[in-house]
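Asks: Here the sequence shown is numbered in the working numbering, starting from 140 and rising by one per residue.
Just so you know, even glycine gets a beta-carbon here, dropped at the ideal spot from N, CA and C.
Predicted model, so just to flag it, every value in this text is computed and none were measured.
Supplied in structure tokens, the structure appears directly below.
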Amino acid sequence: MQLKQWFPFLAWPRLTLDLARNEMLAGVTVGLMLLPQGVAYAALAGMPLVTGIYAALLPSLVAVLWGASPRLGVGPTALTSLLIGASLAGMAEPGSAQWVTLAAWMAIMAGAVQWLLGALRSGWLVNLVTSPVLNGFTQAAGILILLSQLPDLLGLRSSWSALLSDPSWHHFDPWALLFGVSGLCGLLLLKRFAPRLPAAVLVVALCGAISAVVGFAEHDGHIVGHLPAGLPSLAIPSSISMDEVSRLLLPVLMISLVSFLEVASSAQVEHRLAGTRWNENQDLIAQGMAKVVAGFSGSFAISGSFSRSAVTLHSGAKTGWATVFAIAMVLITVLWLTPVLYHVPQAALAAVVVSAVVNLIQPRTLRALFRISRIEGAIALTTFALTLATAPRLYWGVLTGVLLSLCHFLYQRLHPRILEISEHADGSLRGREIWNLAPIASHVLALRMDAEWDFASASALERYVTQTLQQRPEIQTVFLDAQPINRIDVTGVESFMRLRQSLQKQGISLHIGGLKLPVQEILERSGALVSGPDLQLSRTSAQALVAMRVSNATKKAL
Numbered sequence: 140m141q142l143k144q145w146f147p148f149l150a151w152p153r154l155t156l157d158l159a160r161n162e163m164l165a166g167v168t169v170g171l172m173l174l175p176q177g178v179a180y181a182a183l184a185g186m187p188l189v190t191g192i193y194a195a196l197l198p199s200l201v202a203v204l205w206g207a208s209p210r211l212g213v214g215p216t217a218l219t220s221l222l223i224g225a226s227l228a229g230m231a232e233p234g235s236a237q238w239v240t241l242a243a244w245m246a247i248m249a250g251a252v253q254w255l256l257g258a259l260r261s262g263w264l265v266n267l268v269t270s271p272v273l274n275g276f277t278q279a280a281g282i283l284i285l286l287s288q289l290p291d292l293l294g295l296r297s298s299w300s301a302l303l304s305d306p307s308w309h310h311f312d313p314w315a316l317l318f319g320v321s322g323l324c325g326l327l328l329l330k331r332f333a334p335r336l337p338a339a340v341l342v343v344a345l346c347g348a349i350s351a352v353v354g355f356a357e358h359d360g361h362i363v364g365h366l367p368a369g370l371p372s373l374a375i376p377s378s379i380s381m382d383e384v385s386r387l388l389l390p391v392l393m394i395s396l397v398s399f400l401e402v403a404s405s406a407q408v409e410h411r412l413a414g415t416r417w418n419e420n421q422d423l424i425a426q427g428m429a430k431v432v433a434g435f436s437g438s439f440a441i442s443g444s445f446s447r448s449a450v451t452l453h454s455g456a457k458t459g460w461a462t463v464f465a466i467a468m469v470l471i472t473v474l475w476l477t478p479v480l481y482h483v484p485q486a487a488l489a490a491v492v493v494s495a496v497v498n499l500i501q502p503r504t505l506r507a508l509f510r511i512s513r514i515e516g517a518i519a520l521t522t523f524a525l526t527l528a529t530a531p532r533l534y535w536g537v538l539t540g541v542l543l544s545l546c547h548f549l550y551q552r553l554h555p556r557i558l559e560i561s562e563h564a565d566g567s568l569r570g571r572e573i574w575n576l577a578p579i580a581s582h583v584l585a586l587r588m589d590a591e592w593d594f595a596s597a598s599a600l601e602r603y604v605t606q607t608l609q610q611r612p613e614i615q616t617v618f619l620d621a622q623p624i625n626r627i628d629v630t631g632v633e634s635f636m637r638l639r640q641s642l643q644k645q646g647i648s649l650h651i652g653g654l655k656l657p658v659q660e661i662l663e664r665s666g667a668l669v670s671g672p673d674l675q676l677s678r679t680s681a682q683a684l685v686a687m688r689v690s691n692a693t694k695k696a697l
């Protein structure tokens, strides 16, 4: 059992003829999708195109062998590639040896961060990035990816400024424009009406064939060109300066975070369908190892692809063997079939990228967020705007969004929901103002705090009780429905003792109902529940109501 925890692939079922046939079909489908996407995403990252194929080999194999989600589609992804390209802008020339070195060190550093977090069982940190923050960032990233691909997609020969100053068709390459626009239309149509077909391969192959026939390369067309055949060699990248390391730190943390969010979005779907529990820490370890291997093989950081994961599941894959077969197909290509990619137009690769990210741009989801919560909608919109405004330093948008989400969370914790309650007709205790209920008794203040009694909520509860007693001097009993209080910390214990002492000085008794045992044990250990005439405990709120009715009847009789 311990061995399988260290080597998760040992838990895979042995290959039988039926299983091999099923997994091979699924793997071929994913492999056909992975090849053009890998090359296209390498261009998006500013890397030599062949590194996109390298990233789909050994790094992807390590990720699936050591991952807790064997059907996860691993390899180059659009968001991670965009972050790499944007982070290295200004530090080196795209595609140069220094750019490749920096990208390799980014992969190694990001991998080390993820491996360390997984080893320390810190996968819960991914929850710091809320859905609104991720929504705002991914939509802004989708727009930035789209804008970055437009020149290749449209065959733009000059700059945007030159086009705006002198609008003319001579700024465009007609064949490249045809390849880009028709390729994008073909991809979208195939995805819509024939989702089982390998759309990317079909479109890229067709564009490559037409390019070869019409002599697109001989007319200075922008094509993939020669790709080196053979396997990448494993080596430690050339050293970089401490200044470059410091400039890479924030982008590395950003890539680690966004990459794992991509993994989480796909892995959770896989485990939900399989009815299993997701081991996020093991996937962190696997992704970290894969990124380190990517850096040593001269490639760039990989991640989990939602689209390829969906195709893997849709193709009927049952184990990680499907991904192994997909990687085997990539291996065959890099060994013997790279010349086939020579004539593929860059416009076709741009179409592959755009078709993959177009679904990220969904303005209606932002409107939906505002309908649910204006504050969280504003956080998503702020993240979206800052990500666009600070490009290529994309991490500022997410960091600001995370900070705003934490501030919103703390504000809510510092302002807990405290209600005056009373007995409803069905016997339950509900908010007086909401249900327009009469008080339990004129001399009783019954309240409930829907929060933990800790450093964040303690002062709010004390303030509420103090202000209410000042407004209603007739109060003789304070009843606290403690059922919602799941935890109490040191500050909460001190707050309880201050509250009890203050009520005792005013001659007001404290009645607590439904106190949970973990909370009661902490209060007892601190000596805060020493019995006395000023304190009464009831196991349930119903028992507390009965006790207060008896007390009220006794007082009336006297």
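Could you round the C-beta distance between Gly191 and Ala202 to whole angstroms and report it? I think they count as a contact, below 8 Å.
Replies: For this step, residue 191 is matched to residue 52 along the sequence shown. For this step, residue 202 is matched to residue 63 along the sequence shown. Incorrect: roughly 15 Å between the Cβ atoms, too far for contact.
Asks: Could you check if Gln551 belongs to the surroundings of the ligand SAM, using beta carbon to heavy atom distance under 6 Å?
Replies: The model on display carries no ligand, and the ligand SAM is accordingly not part of it.
Asks: Measure how close the beta-carbons of Ala184 and Ser220 come, nearest whole angstrom, since I'm counting them as under 8 Å.
Replies: For this step, residue 184 is matched to residue 45 along the sequence shown. For this step, residue 220 is matched to residue 81 along the sequence shown. Contact flag correct, Cβ pair sits at about 4 Å.
Asks: Tell me whether the beta-carbon of Leu366 lies closer than 7 Å to the beta-carbon of Leu470.
Replies: As a working note, residue 366 is residue 227 in the sequence shown. As a working note, residue 470 is residue 331 in the sequence shown. Not closer than 7 Å, so no.
Asks: Measuring CA to CA, which of Leu327, Phe618 and Ala165 is closest to Ala456?
Replies: Within the sequence shown, the letter at position 317 stands for residue 456. Selected option, being the one with the closest Cα: Ala165.
Asks: Starting from Ala425, trace the beta strand (DSSP E) in both directions and tell me its first and last residue.
Replies: Here residue 425 corresponds to residue number 286 of the sequence shown, with the count starting at 1. Where Ala425 is concerned, there is no enclosing beta strand (DSSP E), although the alpha helix (DSSP H) it sits in stretches over Glu419 to Phe435.
Asks: Going by the DSSP bridge assignment, what does His650 pair with across the sheet?
Replies: For the purposes of this step, residue 650 is taken as residue 511 along the sequence shown, with counting starting at 1. According to DSSP, His650 bridges with Phe618 and Gln675.
Asks: Going by C-alpha to C-alpha distance, which of Leu662, His361 and Leu336 sits closest to Gly347?
Replies: To locate residue 347, count along the sequence shown from 1; it is residue 208. Among Leu662, His361 and Leu336, the Cα nearest to that of Gly347 is on His361.
Asks: Is DSSP giving Phe311 helix, strand or coil here?
Replies: Stepping through the sequence shown from its first residue, residue 311 is reached at position 172. DSSP places Phe311 in strand when its eight states are reduced to three.
Asks: Rounded to whole angstroms, what is the Cα-Cα separation between Gly294 and His310?
Replies: Along the sequence shown, read from residue 1 onward, the residue named residue 294 stands at position 155. Along the sequence shown, read from residue 1 onward, the residue named residue 310 stands at position 171. In a straight line, the C-alpha of Gly294 is about 8 Å away from that of His310.
Asks: Take Glu663 as the anchor and find which of Val252, Gln645, Gly224 and Val629 has the nearest alpha-carbon.
Replies: What you label residue 663 is simply residue 524 of the sequence shown in a count that begins at 1. Minimum Cα distance to Glu663 is reached at Val629.
Asks: With a threshold of 8 Å on Cβ separation, who are the neighbours of Ile573 within its own chain once the five nearest residues in sequence on each side are excluded?
Replies: Here residue 573 refers to the residue found at position 434 of the sequence shown. Taken in chain order, the residues that qualify are Leu558.
Asks: Out of curiosity, what's the CA-to-CA distance linking Val178 and Val342?
Replies: On the sequence shown, position 39 is the one that residue 178 refers to. On the sequence shown, position 203 is the one that residue 342 refers to. About 14 Å.
Asks: Name the DSSP beta bridge partners of Met588, please?
Replies: Here the question's residue 588 lines up with position 449 in the sequence shown. According to DSSP, Met588 bridges with Ile557.
Asks: Should Leu584 and Ile624 be called a contact, given that it needs their Cβ atoms to be closer than 7 Å?
Replies: Residue numbering aside, residue 584 sits at position 445 when the sequence shown is read from its first letter. Residue numbering aside, residue 624 sits at position 485 when the sequence shown is read from its first letter. No, the Cβ-Cβ distance between Leu584 and Ile624 is not below 7 Å.
Asks: Let me check understanding here. Comparing Cα to Cα, which of Trp238, Ala403 and Arg556 lies closest to Arg82?
Replies: In this structure the chain extends from 140 to 697, so residue 82 is not present and cannot be described.
Asks: Helix, strand or coil for Pro367 per DSSP?
Replies: As a first step, residue 367 is located in the sequence shown; it is residue number 228 there, counting from the start. Three-state result, Pro367: coil.
Asks: Kindly indicate the opening and closing residues of the alpha helix (DSSP H) around Met571.
Replies: As a position in the sequence shown, residue 571 is number 432, starting the count at 1. The sequence shown places Arg at residue 571, not Met. Looking at the DSSP string, the run of the alpha helix (DSSP H) that includes Arg571 is Arg571 to Trp574.
Asks: Compute the Euclidean distance between the alpha carbons of Met230 and Ala159, then round it to the nearest angstrom.
Replies: Taking the sequence shown and counting its residues from 1, one reaches residue 230 at position 91. Taking the sequence shown and counting its residues from 1, one reaches residue 159 at position 20. Their backbone Cα atoms lie some 46 Å apart in a straight line.
Asks: Of all the options Ala333, Leu345, Ala425 and Ser680, which has the alpha carbon lying nearest to the alpha carbon of Trp145?
Replies: By one-based count along the sequence shown, residue 145 stands at place 6. Closest option to Trp145, Cα to Cα, is Ala425.
Asks: Quick check on the DSSP output: what are the complete beta strand (DSSP E) runs of length 3 or more inside the stretch 476-564, in order along the chain?
Replies: The qualifying runs are 557-562.
Asks: Is it true that the CB of Val397 sits closer than 7 Å to the CB of Met248?
Replies: Translated into the one-based positions of the sequence shown, residue 248 becomes position 109. Translated into the one-based positions of the sequence shown, residue 397 becomes position 258. The answer is no: Cβ separation not under 7 Å.
Asks: Would you report the Cα separation of Met393 and Ser561, rounded to the nearest angstrom?
Replies: Against the sequence shown, residue 393 aligns to sequence position 254. Against the sequence shown, residue 561 aligns to sequence position 422. Going from the Cα of Met393 to the Cα of Ser561 covers about 50 Å.
Asks: Secondary structure at Ala228, three-state DSSP: helix, strand or coil?
Replies: On the sequence shown, position 89 is the one that residue 228 refers to. Reduced to three states, the DSSP call for Ala228 is strand.
Asks: With distance defined between alpha-carbon atoms, name the residue in Gly671, Ile661, Leu267 and Leu674 nearest to Leu400.
Replies: The count along the sequence shown starts at 1 and reaches residue 400 at position 261. Here the closest residue by C-alpha is Leu267.
Asks: Could you work out which residue in Asp382, Ala517 and Ser446 is closest to Gly214 when comparing CA atoms only?
Replies: Translated into positions along the sequence shown, residue 214 becomes position 75. Considering only alpha carbons, the answer is Ser446.
Asks: Would you please state the rounded distance, in angstroms, between the beta carbons of Ser648 and Gln675? I believe it to be under 8 Å.
Replies: Position 509 of the sequence shown, counted from the start, is the residue given in the question as residue 648. Position 536 of the sequence shown, counted from the start, is the residue given in the question as residue 675. With 8 Å as the limit, Ser648 and Gln675 qualify as a contact, their Cβ atoms being about 7 Å apart.
Asks: Between the alpha carbons of Pro657 and Met636, how many angstroms are there, rounded?
Replies: As a position in the sequence shown, residue 657 is number 518, starting the count at 1. As a position in the sequence shown, residue 636 is number 497, starting the count at 1. Taking the straight line from one Cα to the other gives about 17 Å.
Asks: Would you grab the beta carbon distance between Gly275 and Gly570 for me? Rounded to a whole angstrom, and I think it's under 8 Å.
Replies: Here residue 275 corresponds to residue number 136 of the sequence shown, with the count starting at 1. Here residue 570 corresponds to residue number 431 of the sequence shown, with the count starting at 1. With a Cβ gap of about 34 Å, Gly275 and Gly570 do not count as contacting.
Asks: Between the C-alpha atoms of Val402 and Val483, what's the straight-line distance to the nearest angstrom?
Replies: In the sequence shown, the residue the question calls residue 402 occupies position 263. In the sequence shown, the residue the question calls residue 483 occupies position 344. Their Cα atoms are separated by approximately 30 Å.
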